[in-house]
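Trainee: Have a look at this one.
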Amino acid sequence: MAKKLGKDGIRLCTRYGARGIHIPVMLLVSLSLNILALSIPFLEISMIGKGKIIYDLPRSTWLMWTEGLYVIAILILSFSIIFPILKLAGMFIVWFGPKTLARQERIHGLVRNLGKWSFMDIFVVSLLLALTNKQAFIHSKPMIGVYSFIAAIVLSMITSELLHRKLRHVAREIGVAHEPEDPDRLACPLLSFKWYGWLIGTLLIGSLITLTAAVAITFLQIHQFLLSSNAYSILRSIESLFQQKQYVVGISMVVFLIVFPFLRVMGTIVHWYSASPEWKSIRRIQWLDLVARWSMLDVFGLALILVLTEGQRMVRTDVRIGLYCLIGAIALTVLLPMLATRLDPTHRRLLR
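In terms of this note's numbering, the sequence shown opens at residue 10 and continues consecutively.
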C-alpha cells in the first residue's frame, strides 16, 4: 500500500533526500558552466587583411544573422543557447516539481535526447580548427569558452543518465516497472521476422562497413587561392587537432564520432543475431538506448553541412566521396539500429 502512495505523492527530491543531493548540485554546476561559456570568448580567428576576431556564442549568433547566415544563426541560438538551458530547466522541474512518476518520466523524456545536439557548435569549431591548421593566411584557436561548454554539455548528459536510472529505480520500487512475462524465454530477432529479419541483419553488417568508410575517407578538400589544398576525413581531422595539441576537442571527436557509433552498431548486430533470454534482451536494449544518446554522428553531419554551405565565406571547400559515405553511415548507423531495436518484440514491453 505504501508503494502505491509513493507513486502518487512523492517528489524525487523528497524521496531521495540527502542520497540524491548530487543531482541538483550537478545541475547547478552545469548551469554555471553554461552561463560562463556564453559570457567568455569561444573562438579566435586570425585572417590576413582582417586581423584577429574573437567570438563568443551570443555575438556569433548576432554576427551570423547580420551577415545573412540565418540558418547558422538560428541553429546556434537553438542548439547552443536555448537547448542546454531548456534541458537543465526540465531536469530541475523533474527533480523538484511533479509528484507522480508518470509526469516525472514525461518531462524527462522530452529533454533527455536534447543534450547531444548542443555539440553541433563544438564540431563546427573542430572542423574550423582542422581546416585552418598549417595555413599561412588564416588561423583559428579555441578559447576557454569551448572547454567550459564541453564540460557543461557532458555534465548535463551524465546528470540526465543518473536521473533516468533513478526514475527506473522508482518504477521498480513502486511496482509499475514492466518486467518480462517469461524472463528465460529465448528469442532471436534475426529469426523472428523471417526474410525481413535477414534483410535488417544484412543491412546492419553493411552499416558497419559504411561507418568504417565514413570515418576513414575524406569528405572535403580545401579549394582556395593561397591556402594549402588539404583534404579531411574524420580521422584526418582528429589527427590535425592532436597536431595542434587540442586534446580535449580531439578526444571528444574520438569518443562521440568513433567509439560510441561503433559500439552502437556492433551492439545492435550482437543483439539482432543472438538468441538470448528476454531479461538479457531488455538489458541489452537499455544499454543500446544509452549508447545512442552519446553517439553523435548525426550531430557531426549537421555541423559538416553547415561548414560546407555557410562556411564557404571563410574557407572554400570541395565535396569529396567521403561525404556520401558519411550520409550513408548516418542513415544506416542511426536509423537502422533504432528500427532494429523498435521492431524487437521485447522492446514493445520495454517502456523504461
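In this text, a Cβ means the ideal position worked out from N, Cα and C, and glycines have one as well. In this text, all values refer to a predicted model and were calculated from it rather than measured experimentally.
#1: Could you work out which residue in Ile-44, Pro-50, Trp-281 is closest to Ile-162 when comparing CA atoms only?
#2: For the beta strand (DSSP E) containing Thr-326, list its first residue and its last residue.
#3: How many Å lie between Ala-340 and Ser-261 at the Cα?
#4: If you draw a straight line from the alpha carbon of Ser-290 to that of Val-80, how long is it in whole angstroms?
#5: Assign Pro-270 to buried or exposed, taking buried as 16 or more other Cβ atoms, counted over all protein chains shown, within 10 Å of its Cβ.
#6: Helix, strand or coil: which one does DSSP assign to Leu-229?
#7: Along the chain, where does the alpha helix (DSSP H) that runs through Ile-278 open and close?
#8: Return the chain-ordered list of same chain residues with a C-beta closer than 6 Å to the C-beta of Arg-357, the five sequence neighbours on each side being excluded.
#9: Between Ile-57, Pro-50, Leu-217, which has its C-alpha nearest Tyr-64's C-alpha?
#10: When you compare only the Cα positions, how much space is there between Val-362 and Gly-210?
#11: In three-state DSSP terms, what is Pro-198?
#12: With 16 as the cutoff for other CB atoms within 10 Å, does Val-34 come out buried or exposed?
#13: Quick one: residues in its chain with C-beta nearer than 6 Å to the C-beta of Thr-70, no 5 flanking neighbours on either side, listed in chain order?
#14: Hey, quick one: how far does the beta strand (DSSP E) through Pro-151 stretch, first residue to last?
#15: So Leu-172 packs on Met-100, CB below 8 Å; how close in whole Å?
#16: Counting only runs that start and end within the segment 77-101, where is the alpha helix (DSSP H) found for 4 or more residues in a row?
#17: Curious, which full-length alpha helix (DSSP H) runs of at least 4 residues does the segment 111-175 contain?
#18: Taking just the CA atoms, how far does Leu-217 sit from Met-275?
#19: Spell out a yes or no on whether the segment 121-134 and the segment 302-314 are touching, meaning 3 or more CB-CB pairs, one atom from each, closer than 8 Å.
#20: Between which residues of its own chain and Leu-220 is the CB-CB distance below 7 Å, once the five residues before and five after are set aside?
#21: Quick check on DSSP: helix, strand or coil for Ile-183?
#22: Does the Cβ of Gly-331 have 16 or more other Cβ atoms within 10 Å, making it buried, or fewer, making it exposed?
#23: For Ile-231, tell me which candidate among Phe-265, Leu-140, Leu-200 has the shortest Cα-Cα distance.
#24: Kindly indicate which three-state DSSP category Leu-341 falls into: helix, strand or coil?
#25: Comparing C-alpha positions only, which one of Gly-124, Val-38, Ser-285, Leu-136 sits nearest to Ala-240?
#26: Roughly how many angstroms lie between the CA atoms of Ile-32 and Thr-277, to the nearest whole one?
#27: Within the same chain, show all residues whose beta-carbon is closer than 8 Å to that of Thr-227, passing over the 5 residues directly before and after it, in chain order.
#28: Relative to the C-alpha of Arg-292, which candidate in Pro-192, Lys-61, Val-38 has its C-alpha closest?
#29: Output the distance between the C-alpha atoms of Asn-122 and Arg-302, rounded to the nearest integer angstrom.
#30: Classify Ala-223 as buried or exposed, calling it buried when 16 or more other Cβ atoms lie within 10 Å of its own Cβ.
#31: When you compare the CB positions of Ala-312 and Val-155, do they come within less than 8 Å of one another, or not?
#32: Can you tell me the Cα-Cα spacing of Ile-19 and Glu-170, whole angstroms?
#33: Can you say whether Gln-253 is buried or exposed, counting buried as having 16 or more other CB atoms within 10 angstroms of its CB?
#34: Below 8 Å on the Cβ atoms is my contact criterion, and I expect Leu-345 with Leu-212 to pass it. Report the Cβ-Cβ distance as a whole number of Å.
#35: For His-117, collect the residues of the same chain with a Cβ closer than 8 Å to its Cβ; drop the 5 residues on either side in sequence, then sort them by chain order.
Mentor: The relevant details are as follows:
#1: Nearest C-alpha to Ile-162 among Ile-44, Pro-50, Trp-281: Ile-44.
#2: Where Thr-326 is concerned, the enclosing beta strand (DSSP E) stretches over 326-328.
#3: Using only the alpha carbons, I get a separation of about 22 Å.
#4: Going from the Cα of Ser-290 to the Cα of Val-80 covers about 41 Å.
#5: Counting Cβ neighbours within 10 Å, Pro-270 comes out buried, since at least 16 surround it.
#6: For Leu-229, the secondary structure class from DSSP, reduced to helix, strand or coil, is strand.
#7: For Ile-278, the enclosing alpha helix (DSSP H) stretches over residues 269-282.
#8: Its pLDDT being 47, under 50, Arg-357 is placed unreliably in this model, and the coordinates cannot settle the point.
#9: Sorting Ile-57, Pro-50, Leu-217 by C-alpha distance to the C-alpha of Tyr-64 places Pro-50 at the top.
#10: With the chain represented from 10 up to 361, any question about residue 362 goes unanswered, as that position is not in the structure.
#11: The answer is helix: DSSP assigns Pro-198 an H, G or I state.
#12: With fewer than 16 other Cβ atoms within 10 Å, it is exposed.
#13: Closer than 6 Å at Cβ, skipping near neighbours: Ala-82, Ile-85, Leu-86.
#14: Per DSSP, Pro-151 belongs to the beta strand (DSSP E) from 147-151.
#15: About 6 Å; that satisfies the 8 Å criterion.
#16: 79-85, all fully within the segment 77-101.
#17: As far as the segment 111-175 is concerned, its whole alpha helix (DSSP H) runs of at least 4 residues are 129-140.
#18: Straight-line Cα distance between these residues: approximately 7 Å.
#19: Yes: the two stretches touch, three or more of their Cβ pairs being nearer than 8 Å.
#20: So the qualifying residues of the chain are Pro-270, Phe-271, Val-274, Ala-338, Thr-342.
#21: Correct three-state label for Ile-183: coil.
#22: The residue in question, Gly-331, is buried, as its Cβ has 16 or more Cβ neighbours within 10 Å.
#23: Looking at the Cα atoms, Leu-140 is the closest of the given residues.
#24: Helix.
#25: Per the Cα distances, Leu-136.
#26: Near 31 Å, if we compare the C-alpha coordinates of Thr-277 and Ile-32.
#27: Closer than 8 Å at Cβ, skipping near neighbours: Ala-240, Tyr-241, Ser-242, Arg-245, Arg-329, Ile-330, Gly-331.
#28: Nearest C-alpha to Arg-292: Pro-192.
#29: Cα-Cα distance, rounded: 6 Å.
#30: Here Ala-223 is buried. Its C-beta has 16 or more other C-beta atoms within 10 Å.
#31: Taking 8 Å as the Cβ cut-off, Ala-312 and Val-155 do not qualify as a contacting pair.
#32: Straight across, the Cα-Cα distance linking Ile-19 with Glu-170 is about 21 Å.
#33: Per the 10 Å Cβ criterion, buried.
#34: Cβ-Cβ separation between Leu-345 and Leu-212: approximately 6 Å, consistent with a contact (criterion under 8 Å).
#35: Around His-117: Gly-99, Met-100, Val-103, Ser-169, Leu-172, His-173, Leu-176.
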